[in-house]
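For what it's worth, my numbering labels the leading residue of the sequence shown as 64, then goes sequentially. Below is one structure, written out as structure tokens; the observations come after it.
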Amino acid sequence: MTQRIPWDHYFISQSLVLATRSTCQRAMVGAVIVRDKRMIAGGYNGSVSGETHCIDEGCYLQDGHCVRTIHAEMNALLQCAKFGVQTDGAEIYVTHFPCLSCSKSLIQAGIKKINYLNDYRNDAYAIHLLEQSGVAIHQIKLPPHFFEKMSLALESNAVLPSSSPQLFENCENGDCKNCQ
């Protein structure tokens, strides 16, 4: 039996794909809001719709922050608000730990769990607020050679003969048959 990619890896991969749409190169961040193992919204760092992008004219900085950009987490939450999608009890997968402002918005939106890949200015007060509000925080650790295995899946055009090796075999130390 071929082992499938774990849900956490699947959803964090989706956030990484969304990050490639980012229009602010200071931080290319992607976020996916998930409920019951279904993506309900996604977002990436980018300018207000219809406005100039950082990649076109540079960042508009105030106090060292790009104020032109709406953060990925906020864009995902705003997409839910725009289309009437409930966020209470959902979780978010985001490429980077949320800033203080996004953390507060996620709490207010009823997000129950934050799954993130990379540490990024993990604000102590944000962590305090999240923990106090009962929001679970989980850093996802991708296994060694994860992206190499993803590349193999793409090269195979996602059609795997039954004789092919298990692409997503549990690999902890790089000694598995797929890593050699």
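Glycine included, every Cβ here is placed at the ideal spot set by N, Cα and C.
>> Give me, in chain order, the residues of the same chain whose beta-carbon lies closer than 7 Å to that of G147; leave out the 5 immediate sequence neighbours on both sides.
In response: Here the set comprises nothing.
> Considering L217, what are the terminal residues of the alpha helix (DSSP H) in which it resides?
Replying inline: Per DSSP, the continuous alpha helix (DSSP H) segment holding L217 begins and ends at F209 to E218.
> Got a sec, what are the start and stop residues for the alpha helix (DSSP H) K145 sits in?
Replying inline: For K145, the enclosing alpha helix (DSSP H) stretches over residues A135 to F146.
> Under the rule that 16 or more other beta-carbon atoms within 10 Å means buried, what is G105, buried or exposed?
Replying inline: The residue in question, G105, is buried, as its Cβ has 16 or more Cβ neighbours within 10 Å.
> Can you name the start and end residues of the alpha helix (DSSP H) that I75 belongs to?
Replying inline: Unbroken alpha helix (DSSP H) run through I75: W70 to A82.
> So is V130 buried or exposed if we call it buried at 16+ other beta carbons inside 10 Å?
Replying inline: Residue environment for V130: exposed (fewer than 16 other C-beta atoms within 10 angstroms of its C-beta).
> When burial is assigned at 16 or more other CB atoms within 10 Å of the CB, is S225 buried or exposed?
Replying inline: Unreliable positioning characterises S225 in this predicted model, as indicated by a pLDDT of 45, which lies under 50. The coordinate reading is nonetheless provided below. In the assembly as shown, S225 is an exposed residue. Its beta-carbon has fewer than 16 other beta-carbons within 10 Å.
> Could you give the distance in angstroms between the alpha-carbon of M91 and the alpha-carbon of S76?
Replying inline: C-alpha separation (whole angstroms): 14 Å.
> For Y123, which three-state DSSP category applies?
Replying inline: Y123 sits in coil when the DSSP states are folded into three classes, being neither helix nor strand.
> Could you check where the alpha helix (DSSP H) with H191 kicks off and where it finishes?
Replying inline: Under the DSSP assignment, H191 falls in the alpha helix (DSSP H) whose first and last residues are A187 to Q195.
>> Quick check: what's the CA-CA separation for H128 versus R89?
In response: Linking H128 to R89 through their CA atoms gives a straight-line distance of about 9 Å.
>> Rounded to the nearest angstrom, what separates S164 and T132 at their Cα positions?
In response: It is roughly 13 Å from the alpha-carbon of S164 to the alpha-carbon of T132.
>> Which residues does DSSP list as the beta-bridge partners of S110?
In response: According to DSSP, residue pairing for S110 in a beta bridge involves T132.
> Leaving out five residues before and five after F160 in sequence, what residues of the same chain have Cβ atoms less than 6 Å from its Cβ?
Replying inline: The residues are Y179, D182, Y183 and N185.
> Quick one: what's G105 bridged to in DSSP?
Replying inline: G105 pairs with V95.
>> Taking the straight line between their C-alpha atoms, what separation do you get for Y73 and Q202?
In response: Looking at the two C-alpha atoms, the distance is approximately 14 Å.
> Can you tell me the Cα-Cα spacing of G93 and E218, whole angstroms?
Replying inline: When rounded, the distance between both Cα atoms is 24 Å.
>> Starting from I155, trace the beta strand (DSSP E) in both directions and tell me its first and last residue.
In response: The continuous beta strand (DSSP E) containing I155 extends over residues E154 to H159.
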